[in-house]
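K.L.:
Taken in sequence, the protein lines are chains A and B. Under our numbering, the first residue of the first sequence is numbered 10, with each subsequent residue one higher. Under our numbering, the first residue of the second sequence is numbered 20, with each subsequent residue one higher. We put the CB at the ideal spot given by N, CA and C, even for glycine.
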Amino acid sequence: MSVGMRLPHESAHLHVAGAAPYIDDLPELAGTLHAALGLSPIAHGRIVGLDLELVRAMPGVVAVLSASDIPGPNDCGPVLHDDPILADGVVQYAGQPVFAVIAETRDQARRAAARAGDAIRTEPLPPILTPEEAHAAQSYVLPPMHLARGDAAAAIAAAPHRLQGTWSVGGQEQFYLEGQISYAIPRENGGMFVHCSTQHPSEMQHLVANCLGLKSHRVQVECRRMGGGFGGKESQSALFACVAAVAAAKLNRPVKLRLDRDDDFLVTGRRHCFRYAYEIGYDGDGRVLGAELTMVSRAGFSADLSGPVMTRAICHFDNAYFLPNVAVHGYSGKTNTQSNTAFRGFGGPQGAIAIENIIDTIARALGKDALDVRRLNFYGAGDTTPYGQPVDDNVIQALVAELETTSRYRARRAEIAAFNATSEVLKRGLALTPVKFGISFNLVHLNQAGALVHVYGDGSVLVNHGGTEMGQGLNTKVAQVVAHALGVPVADVRVTATDTQKIANTSATAASTGSDLNGQAADDAARQIRARLVAFASERYAVEPAQVRFEAGRVDIGLVKTMTFRELVVEAYMARVQLWSDGFYATPGLSWDKDTMQGRPFFYFAYGAAVSEVVVDTLTGEWKLLAAHVLHDAGRSLNPAIDIGQVEGAFIQGMGWLTMEELVWHPNDGSARAGFLHTHAPSTYKIPTANDCPPVFDVRLWKDGLPDGDNRADTIHRSKAAGEPPLLLPFSVFFAIRDAVSAAGGHRIDPPLAAPATSEAILRAVTAVRA
Amino acid sequence: MIDAPTMPSRPIRFFHRGGVVEVDGAAPTRTVLDWLREDARCTGTKEGCNEGDCGACAVVIAELPGSAHATSPELVGGLRLTTTNACIQFLPALDGKALFTVEDLRQGDALHPVQQAMVDCDGSQCGFCTPGFVMSLWATYQHHAARGTRPTRQQLADELSGNLCRCTGYRPILDAGERMFEAPMVALDTAPARAALAAMRSDETFRYTAGDAAFVAPKTLAAFAAERLARPEARIVAGTTDVGLWVNKMFRPLPAMLFIGGVDELRRVERRGGVLSIGAAASLEDAWRALVARWPALTDVWLRFAGVPLRHAGTMGGNVANGSPIGDSAPVLMGLDAAVLLRRGEAVRRLPLARFYTGYMTNRLEAGEFVEAIEVPLDSDAVVRAYKISKRFDCDISAVCAGLAIALDGGVVRVVRLAFGGMAATVARAAGAEAALLGQPWNEAALAAAQAALAADFTPLDDMRASAGYRLQVAQNLLRRFWLETRAERPLASAEVSVFETLRSSAP
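1. Count Cβ pairs between the stretch 362-369 of chain B and the stretch 329-337 of chain B that sit closer than 8 Å; are there 3 or more?
2. In terms of residue numbering, what span does the alpha helix (DSSP H) encompassing LYS486 (chain A) cover?
3. What are the residues in the stretch 97-131 of chain B lying within 8 Å of chain A by C-beta distance?
4. Go through its chain and collect everything with a Cβ distance to GLN459 (chain B)'s Cβ below 6 Å, but skip five positions before and after it.
5. Taking only beta-carbon positions, decide if ARG213 (chain A) is within less than 7 Å of chain B.
6. Does PRO691 (chain A) get closer than 7 Å to chain B when you measure Cβ to Cβ?
7. Could you tell me which of A:GLY658, A:ASP713, A:SER680, A:ASP723 sits nearest to ASP701 (chain A), measuring between CA atoms?
8. Leaving aside the five residues before and after ASP78 (chain A) along the sequence, list all residues of the same chain whose C-beta is less than 7 Å from its C-beta, in chain order.
9. Report back the beta-carbon spacing between LEU635 (chain A) and VAL624 (chain A) to the nearest angstrom; my notes put them in contact at under 8 Å.
10. What does ASN496 (chain B) reach in chain A if we use C-beta pairs closer than 7 Å?
11. Pull out every residue of the stretch 75-94 of chain B whose Cβ sits closer than 9 Å to any Cβ of chain E, in chain order.
12. Under the three-state reduction of DSSP, which class applies to LEU295 (chain B): helix, strand or coil?
13. Along the alpha helix (DSSP H) that carries THR445 (chain B), what are the first and last residues, could you check?
14. Is TYR102 (chain A) helix, strand or coil when you go by DSSP?
15. Which one of A:PHE310, A:ASP269, A:ALA530 has the shortest CA to CA distance from GLY54 (chain A)?
16. Thinking just about the alpha-carbon of each residue, which of B:GLY44, B:MET219, B:LEU179 is nearest to the one in THR103 (chain B)?
17. Determine, for GLU463 (chain B), whether the minimum Cβ-Cβ distance to residues of chain A falls below 7 Å.
18. Reducing DSSP to helix, strand and coil, say where THR414 (chain A) ends up.
19. If you follow the beta strand (DSSP E) that GLN510 (chain A) is in, where does it begin and where does it stop?
20. Compare the C-alpha of MET154 (chain B) against each of B:ALA357, B:ASP139, B:LEU94, B:GLY63 and name the closest.
21. I want to know whether the stretch 339-357 of chain B touches the stretch 408-428 of chain B - three or more CB-CB distances under 8 Å.
22. Between A:ASP533, A:MET664, A:VAL497, which has its C-alpha nearest MET572 (chain A)'s C-alpha?
23. Hey, how far is the Cα of TYR550 (chain A) from the Cα of TYR594 (chain A)?
24. Short of 8 Å Cβ to Cβ, which residues in the stretch 428-449 of chain A face chain B?
25. Counting only Cβ pairs nearer than 7 Å, list the residues of chain B close to LYS696 (chain A).
26. So, at 6 Å on beta carbons, what are the nonlocal neighbours of ASP313 (chain A) in its own chain, with the 5 sequence-adjacent residues on each side left out?
27. So which residues of chain B does CYS702 (chain A) contact, with C-beta pairs closer than 8 Å?
28. Using Cβ-Cβ distances below 7 Å, what residues of the stretch 166-189 of chain A are close to chain B?
29. Can you give, in chain order, each stretch of the alpha helix (DSSP H) that sits fully within the stretch 444-515 of chain B and has at least 4 residues?
30. PRO127 (chain A) to ASP160 (chain A), Cα distance in whole Å?
31. If you check the beta carbons only, do ALA300 (chain B) and GLY280 (chain B) fall under 7 Å apart?
32. Taking only beta-carbon atoms, is PRO17 (chain A) less than 7 Å away from chain B?
33. The alpha helix (DSSP H) with THR318 (chain B) in it runs from where to where?
34. Show which residues of chain B have a CB atom less than 9 Å away from the CB atom of GLN481 (chain A).
35. Give me the Cα-Cα distance between ARG296 (chain A) and SER741 (chain A), rounded to the nearest whole angstrom.
36. Please report how far the alpha carbon of LEU118 (chain B) lies from the alpha carbon of THR101 (chain B), in whole angstroms.
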């Protein structure tokens with residue numbers, strides 16, 4: 010049994026030795042050149058001239074390329090075709106690549122590219138920077154989206170209590186530790202090979218082929234591992250792959266483009282910030298009767314994945330709650346900023362936190378414990394989401410009840426009240442928040458995967474699949490699945506680099522579906538090989554197929570014979586049995602109508618809940634997470650060590666999003682700096698560190714290994730996806746801070762606290778509740 | 020100007036991977052990281068940010084201890100081992116030292132206990148930050164192994180303040196830090212490096228040139244003062260924790276560097292008469308450790324000052340001379356009534372730090388003059404507190420940093436120093452607020468007057484770290500915190516006013 014085991018990451022022993030190669034670590038081919046990008050200094054303007062000669066005159070420069078050097082279409086957009094590789098005619102955000110310098114060394118390329126401010130002559134146009142400005146100007150990258158059930162307006166009007174407000178959450182930089190990188194190597198007959206740090210090799214292949222004017226079969230993209238992705242390398246690895254490939258094709262030399270961290274911040278997009286306006290009707294117990302919500306995101310200058318992000322946000326406004334009458338409107342604001350993109354959760358967190366904030370506010374208005382109001386609104390048996398999917402695997406009530414007990418929620422609530430009654434400066438806060446997260450791509454056709462399994466004559470097994478390894482342990486899980494299917498030790502299974510020449514037409518490793526899809530496809534391939542071995546053995550040794558059993562590298566053939574897996578493989582090879590197979594998987598039962606926003610977009614839901622306790626300094630707004638207790642539903646976990654790692658990592662990452670991670674663009678003050686991202690490096694953009702990990706961090710998987718903990722959907726070994734859902738768990742941190750701020754004002758006033766809850770925002774809220 | 024082409028030059032020599040490496044022809048600003056990755060093809064050390072903020076490039080530097088480090092807690096087998104960020108260290112600064120990287124840890128295929136613990140505790144996910152964490156943990160392991168101690172979990176978190184991980188949430192890495200001591204101890208054989216460093220040791224000024232650029236590293240105070248006088252345009256560097264960014268991010272030319280880090284006399288932190296003398300080249304870590312030994316209330320600012328590798332590389336003298344309004348040394352030192360000792364050739368003068376700055380990043384240093392030492396009076400009876408406020412606890416630049424001192428006489432304020440960073444173009448004392456308190460009883464009315472005066476004392480910065488309004492409100496509130504901690508009736512303990520102290524005093 011290799012599935013369900015706590016195995017370390019397949020590369021862990023290499024990671025710790027610095028022996029796991031990332032793209033920049035690969036030996037460079039002779040003649041390799043290095044690229045750097047010349048970036049727009051302003052947020053919006055017409056390009057009236059490019060003085061590239063002054064760039065070409067810089068030491069070591071071999072070539073300077075601009076839009077006109079791209080042989081095919083100047084486009085790297087994943088959905089719409091509004092993403093130029095290099096700006097042409099107009100610049101649409103500060104940091105947009107306008108030209109590419111190719112030089113002998115990376116340092117020379119960067120120094121030459123830094124002349125962009127002198128080389129790019131522009132005529133400024135007025136920029137739109139914020140979602141509010143975009144909404145006011147009706148500037149959107151996509152048509153608005155609407156989802157409705159029942160009559161929200163009537164329900165609100167008839168409700169005993171009403172609530173109206175506006176709110177916001179900030180964006181978030183992925184901050185993958187390995188920055189964007191592509192290394193393009195010309196191949197015979199005009200072909201191109203690209204090492205790309207990407208979550209989506211197939212899309213990179215197609216976009217590189219497109220910009221080079223080649224057919225896809227002439228372009229090969231490979232990714233062994235990424236130093237983190239988090240969504241940031243789903244679509245936005247494309248610009249760098251395309252630039253490297255265009256330069257390599259033009260110069261017929263290998264070209265590497267590795268971004269400096271600051272350029273990575275300035276060029277690429279990130280999690281969308283959201284603005285909300287809502288009107289709610291509720292009853293005296295806190296039951297939501299009607300809800301109308303308008304969401305406006307900051308999409309940036311192009312569509313990128315903003316449409317699917319908004320769809321997921323709309324489909325997660327309900328979170329774990331039954332909303333009988335609801336109307337949700339989503340606008341993807343077009344702004345002169347980096348094009349925002351995927352980031353773990355993909356709009357889900359932005360949708361779900363809106364209802365959590367509303368329920369938190371309702372509870373305070375009614376003087377009730379927020380947990381009681383949450384519980385009152387939980388989905389029950391037979392309920393359906395606003396988009397028409399039955400919530401038929403709901404475990405939220407039981408899960409929350411267990412966490413309420415194990416975390417001593419009620420007792421701690423009383424202890425905290427006692428502490429706050431006597432503490433002059435410091436106030437504590439507590440919150441429990443639930444998670445329900447839909448698993449599958451909303452776009453049905455993306456829910457497919459392929460795999461290739463080879464069994465070699467020595468019994469070793471090689472696996473290739475369409476998913477990418479970004480640290481989440483996908484390759485480890487897939488190896489476990491294949492080892493399980495073939496009854497061999499996991500050590501005998503090796504998963505290789507993702508390669509568009511091995512598996513075609515893959516989907517991005519995204520939407521938490523990596524192991525769901527690729528695990529199934531690899532399992533399908535392995536089972537086909539096993540079936541052939543079973544057929545061969547049962548025939549040769551004249552036993553029933555059911556009597557051929559594979560276990561721990563051994564094959565029991567009835568009572569007749571026991572041999573090693575390798576021995577059987579050798580016999581099968583000599584008998585000309587095919588020992589390799591492809592595998593395929595398409596998630597069953599999905600449907601989605603994007604016009605009505607109705608259907609069954611998700612194969613199943615993942616659930617979880619967290620309790621967080623914080624302490625807040627009412628003099629400075631500084632705060633600290635003292636304890637977090639988490640119960641998360643990973644179904645029957647394929648690898649509890651990896652899933653716990655996903656939950657913990659997502660928790661701290663989500664906590665960073667909601668608290669210390671703040672993006673600051675220069676405001677629209679008419680200056681040339683307007684729209685410049687000031688927080689473009691870790692010196693100014695602060696992600697959590699070891700001291701932000703709470704001293705009590707109790708993370709458990711819900712009923713892992715128990716029959717009623719299994720995924721009801723027929724997933725790979727009844728597991729559940731664990732990548733994104735836990736990112737919503739640290740909502741509890743934010744609402745615990747809100748609770749502590751509320752305590753500072755004697756719980757009289759709803760704290761006007763939006764995310765990110767920086768120390769400054771917290772102090773402002775403390776001041777407000779004490780006014 | 021240093022006349023680079025005609026200056027004598029010898030190759031940079033340092034110990035790496037079992038032998039002495041000689042480097043010639045590389046620009047003096049070539050970073051240790053670029054040399055490792057591009058020239059030595061040791062790609063285990065990663066570049067995450069190229070500005071010293073993420074720790075993916077953390078390596079360990081070893082040196083023979085000079086007089087400044089005879090009893091350093093970083094001594095391991097006769098060498099002083101400290102972590103540093105390879106991305107902002109210039110190669111010539113390695114001269115005469117040993118460089119340990121992640122490639123040095125495995126013995127054949129056998130992982131070092133630090134590495135094995137990281138594997139066993141699931142301490143890596145994407146693995147990109149991992150070599151940096153491994154090196155920070157390895158340094159911690161060596162320091163504790165040499166002393167026969169083990170770090171607490173809180174100390175481990177503090178040791179990792181300069182390393183960012185985006186995947187794990189840190190719990191498994193902290194577990195690994197505890198687990199690494201459970202395996203049989205693997206001692207570091209320092210003999211080869213020690214022998215090599217001893218053979219390279221020299222009191223001769225090290226001169227290195229490449230192209231038009233020069234790096235000069237005197238070894239004695241007298242030699243340094245003479246070089247400074249002869250070459251007033253040269254940029255004095257030590258840990259290049261700021262200058263490294265000028266090169267990596269701004270591409271500023273640095274034709275002449277005068278390295279102060281090789282002057283053992285200037286790396287000392289010692290009591291001299293009634294003062295603590297902090298040599299200009301003393302590391303931030305050494306300086307803060309000495310200050311905290313005298314004033315434990317400074318612990319919080321020490322731990323929050325940059326990250327561990329930056330505190331080993333950077334100097335308090337550099338932090339003070341650099342004169343950033345958001346540097347955290349100056350407000351604390353001004354609160355302590357420190358002076359700077361300035362030397363020009365043989366001439367030495369002493370200036371109160373509060374009078375050192377003349378404007379944004381400008382000071383009273385004259386051509387050829389340099390900060391020799393910082394002198395902190397030790398005999399003060401003032402009660403001292405230092406507070407730092409920033410978005411994140413670890414390794415963040417202050418919104419406000421305050422160094423506050425007060426002495427009472429019969430309940431009346433006899434001495435008061437209120438110094439703030441982040442509140443003006445320079446770190447400065449709050450003259451109006453101090454005046455509002457001096458001679459007054461230390462009570463809530465006087466506090467209110469001082470808080471009000473702060474608004475006139477300062478025009479705070481307004482940027483992405485904090486708004487001007489927040490900075491002023493926090494500065495005023497920090498005065499209140501100070502009063503709450505020092506008032507005569509029911510003074511509050513630090514754990515009652517600081518969320519971090521709460522944690523440190525209550526954590527298991």
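P.N.:
If we stick to the structure as given:
1. No, the stretch 362-369 of chain B does not touch the stretch 329-337 of chain B.
2. Run containing LYS486 (chain A): 483-495, per the alpha helix (DSSP H) assignment.
3. Along the stretch 97-131 of chain B, going in chain order, the ones with a CB nearer than 8 Å to a CB of chain A are THR120, VAL121, GLU122, LEU124, ARG125, LEU130.
4. Listed in chain order, the non-local C-beta contacts of GLN459 (chain B) below 6 Å within the same chain comprise VAL432, ALA465, local neighbours out to five positions each way being set aside.
5. Here residue 213 (chain A) turns out to be Met, not Arg, going by the sequence shown. With 7 Å as the cut-off, MET213 (chain A) does not count as an interface residue toward chain B.
6. So yes, PRO691 (chain A) belongs to the interface.
7. Residue A:GLY658 holds the alpha-carbon nearest to the alpha-carbon of ASP701 (chain A) among A:GLY658, A:ASP713, A:SER680, A:ASP723.
8. So the list reads VAL255, LYS259, once near-sequence residues are dropped.
9. Contact check for LEU635 (chain A) and VAL624 (chain A): beta-carbon distance about 6 Å, within the 8 Å limit, so the pair qualifies.
10. Correct list: LEU628, THR629.
11. In the structure shown, chain E does not exist; the protein chains are A and B.
12. Note: LEU295 (chain B) maps to strand in three-state DSSP.
13. Per DSSP, THR445 (chain B) belongs to no alpha helix (DSSP H) and is neither H nor E.
14. Under the three-state reduction of DSSP, TYR102 (chain A) is assigned to coil, being neither helix nor strand.
15. Checking every option, the nearest Cα to that of GLY54 (chain A) belongs to A:PHE310.
16. Residue B:LEU179 is the option with its Cα nearest to THR103 (chain B).
17. It does not: the Cβ of GLU463 (chain B) has no partner Cβ on chain A nearer than 7 Å.
18. Per DSSP, reduced to three states, the secondary structure at THR414 (chain A) is helical.
19. Segment: none, GLN510 (chain A) is in no beta strand (DSSP E) and carries neither H nor E.
20. Nearest C-alpha to MET154 (chain B): B:GLY63.
21. For the pair of segments examined, the stretch 339-357 of chain B was found to touch the stretch 408-428 of chain B: the number of CB pairs separated by less than 8 Å reaches three.
22. Nearest C-alpha to MET572 (chain A): A:VAL497.
23. When rounded, the distance between both Cα atoms is 33 Å.
24. With the criterion set as a beta carbon lying under 8 Å from some beta carbon of chain B, the members of the stretch 428-449 of chain A are SER432, GLU433, VAL434, LEU435, in sequence order.
25. Note that residue 696 (chain A) is Ile in the sequence shown, not Lys. One finds LEU183, ARG185 in chain B with Cβ atoms closer than 7 Å to the Cβ of ILE696 (chain A), taken in chain order.
26. Counting only Cβ-Cβ distances below 6 Å, and skipping sequence neighbours, we find SER244, SER348, THR350.
27. Here the neighbours are ALA176, GLY188, TYR189, ARG190, LEU193.
28. Answer set for the stretch 166-189 of chain A: PHE184, TYR185, LEU186, GLU187.
29. Every unbroken stretch of the alpha helix (DSSP H) spanning 4 or more residues and falling wholly within the stretch 444-515 of chain B is given here in chain order: 450-456, 463-476, 487-505.
30. The sequence given here places Asp at residue 127 (chain A); Pro does not occur at that position. Between ASP127 (chain A) and ASP160 (chain A), the C-alpha separation is close to 57 Å.
31. It is a contact, given that the beta carbons lie within the stated cut-off.
32. Yes, because at least one Cβ of chain B sits closer than 7 Å to the Cβ of PRO17 (chain A).
33. Boundaries of the alpha helix (DSSP H) harbouring THR318 (chain B): 318-323, taken from the DSSP string.
34. For GLN481 (chain A), the chain B residues whose Cβ falls inside 9 Å of its Cβ are GLN144, CYS145, CYS186, in order along the chain.
35. Taking C-alpha positions only, ARG296 (chain A) is separated from SER741 (chain A) by approximately 20 Å.
36. The straight-line gap separating the alpha-carbon atoms of LEU118 (chain B) and THR101 (chain B) is approximately 10 Å.
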